[in-house]
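Have a look at the structure below, then the notes.
Residue numbers (mature numbering (1 follows the signal peptide of the UniProt record, and there is no 0)): -24 to -1, 1 to 425.
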C-alpha cells in the first residue's frame, strides 16, 4: 500500500500562492530573497551532490565569527527544503491568498535568518534539486542519509573561510526530519573526536518540530488524540486501536514494510473517519493536491527561477514530493531514531522539541508518548518539571504555548498551530528559536524548572 502523500498541510498553504494566473516566468526575486550562496555540496557516491541555499544573518546580535548557523532539513521523506525557505522561515515568502504574479514574494518579518545564518539542504539524495545520479544511489535508511549530511556539511565548510567552521551549529527541521536530524547529529558527535580539530563541526544542539522520531510509540496515540478532540466516537476509537496494535506487532517483529503499510492504512482510515483535509492540522481547508503540486513544479522548474536559486540547468525536474525517495524509505518509516536522541542528551547536546497542538498525527500527544520511553538519566527530573505558560514577549502577552524543560531537553507545545508551526505562528516560532539558541528566557537553562 502506498504511503499517504506527506506534507499535505504545506501543500494546502502553497495552493493560493502558486495557483491561478501567476505564471512562473513572471516571478521576480528581490535581491534579498536570493541566497547569499547556493549550489551543490559533493557527497559520496561518485558524481552525487546535495543542493544548498545559504542565507547569512541580516541583523545578527553577535560578531560574524560567533553568529550561530542553523541547518534546515525538511521532512517527507522526499520534500525539498525549498518549501520551508519560501513558505515558512526564509527571508522572503509567498503570501498565502496573494494571486499577483508581478509581486509574488514579500519580506518575511519572522525569518529565521534574522539573527542566524540559515542553510537549507535538499536531502535525502533524490529530493528537490538534489538529483540522484541513478535510482540505486537514493538512500534507504538514516545511516546513509546521516553520512551524506555530514559529507555535505564538510563540503560546505571547506568552501568557507577557516573561521566559519567555529560558528555554533544547530541542526533544525520538522516532520520526517525527526529521524534524520538525530541520526546526523549523533554521527557528528561520534566522528568529531576522530578528526583533526580544524575539521570538527561545532554542533551545539538540534531543534525538531512535529517530528516522527520513535514511531512504534507514536502510532499508539492517534486513536486517543482523535477521540479526545471529539473527531471520532468510542466505537471508532476501538477500531483505530486495533489497527494501531497491528502496526506495533509488525514493528516488534521487524516486518518493517508491512508495519509501514499498517501505519499508512491507519492514517488513511482516520482521515476518512474524521473527514479532515489533513491530520496534520484539524483546522486545515482542503485543496486539490494535484493542481497545487503542478503549480509548484511549474514555478520551481522555470529556467530563470532555477538559475536565480543556483540550481543546475537541465537537471531532473523539481517535484513537490519525490515518489522515488518515498518508496526508497518504505522500510525505514517504523524504525526508531530514539537511540540517537538519547546519545545527544547523554552528551549534553541541547535538544528542542516543539509541536503545534492542532496536529493529530505528530503533535504533543505523540511526542509525550515517546519521550516517556527515553533512556536518559535526566528523564525523571524532566517529567517532574513544571510546565510554564508561554506568552509572547512582543505580542502583548498573547498566549503562545507551553514550555517544559530540564537539563539539555526543552519541549514546547505551540498554541494555534498544527504540523507547520512557523507557517501558522511565525512570530512565536521566531521568538522560540531565537531565545532557545541564545539560551534565554523560558527556553534557556536559567529558566525555573
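Note that CB positions come from ideal geometry on N, CA and C, so glycine has one too.
query, result
"Put residue 18 into one of helix, strand or coil per three-state DSSP.", "strand"
"Among the candidates 192, 100, 417, 377, whose CA atom is the shortest distance from the CA of residue 299?", "100"
"Around the Cβ of residue 161, are there at least 16 other Cβ atoms within 10 angstroms (buried) or fewer (exposed)?", "buried"
"Keeping to the same chain, check which residues put their C-beta closer than 7 Å to that of residue 368; ignore five residues upstream and five downstream.", "374, 376, 403, 404, 407"
"Taking its Cβ as the centre, do 16 or more other Cβ atoms sit within 10 Å of residue 134, making it buried, or is it exposed?", "exposed"
"Please state the DSSP three-state secondary structure of residue 422.", "coil"
"What alpha helix (DSSP H) runs, 4 residues minimum, are completely inside the region 193 to 245?", "198 to 204, 210 to 228"
"Please confirm whether residue 432 and residue 229 have their CB atoms less than 8 Å apart.", "Summary: the structure shown does not reach residue 432, with the chain confined to residues -24 through 425, and so no result is reported for it."
"Mapping DSSP to helix, strand and coil, what is residue 383?", "coil"
"Please indicate yes or no: does the CB of residue 364 lie closer than 7 Å to some heavy atom of the ligand FMN?", "The ligand FMN is not part of this structure, which contains no ligands at all."
"What number of angstroms, rounded off, separates the C-alpha of residue 254 from the C-alpha of residue 330?", "19 Å"
"My understanding is that residue 46 touches residue 92, with C-beta atoms under 8 Å, so please give their C-beta distance in whole angstroms.", "5 Å"
"What are the start and end residues of the alpha helix (DSSP H) that includes residue 154?", "153 to 167"
"Is the distance from the Cβ of residue 105 to the Cβ of residue 294 below 8 Å?", "yes"
"DSSP state of residue 146, grouped into three classes?", "strand"
"From residue 414 to residue 43, what does the alpha carbon distance come to, in whole angstroms?", "10 Å"
"Quick check: the Cα distance between residue 291 and residue 102, rounded to an integer number of angstroms?", "11 Å"
"With residue 41 and residue 89 assumed to form a contact (beta carbons below 8 Å), what rounded beta-carbon distance in angstroms separates them?", "With a Cβ gap of about 17 Å, residue 41 and residue 89 do not count as contacting."
"Identify which residue in 182, 310, 137, 250 has its Cα closest to the Cα of residue 204.", "250"
"Would you call the region 183 to 198 and the region 211 to 223 touching, i.e. three or more CB-CB distances under 8 Å?", "yes"
"Considering only the beta carbon of each residue, do residue 54 and residue 186 sit closer than 8 Å?", "no"
"Give a yes or no on contact between the region 303 to 314 and the region 391 to 398, applying the rule of three or more CB pairs nearer than 8 Å.", "no"
"Return the CA-CA distance between residue 117 and residue 61, expressed in angstroms with no decimal places.", "25 Å"
"Helix, strand or coil: how does DSSP classify residue -17 here?", "Caution applies to residue -17, whose pLDDT of 44 falls short of 50 and renders its modelled position unreliable; the model cannot decide the point."
"Give the range of the alpha helix (DSSP H) segment to which residue 341 is assigned.", "340 to 347"
"Taking the CB atoms as reference points, tell me whether residue 153 and residue 51 lie closer together than 8 Å.", "yes"
"If you check the beta carbons only, do residue 87 and residue 56 fall under 8 Å apart?", "no"
"What residues are listed by DSSP as bridge partners for residue 69?", "82"
"Within its chain, find whatever has a CB closer than 7 Å to the CB of residue 107; leave out the 5 residues flanking it on each side and keep chain order.", "291, 292"
"What did DSSP end up calling residue 363 once you bin it into helix, strand or coil?", "strand"
"Assuming contact is defined by CB atoms lying nearer than 8 Å, are residue 111 and residue 124 in contact in what I supplied?", "no"
"Would you mind giving the Cβ-Cβ distance between residue 182 and residue 327, rounded to the nearest angstrom? I have them listed as a contact below 8 Å.", "6 Å"
"Tell me whether residue 426 is buried or exposed, calling it buried when 16 or more other Cβ atoms sit within 10 Å of its Cβ.", "In the structure as shown, the chain begins at -24 and stops at 425. Residue 426 is therefore absent and cannot be evaluated."
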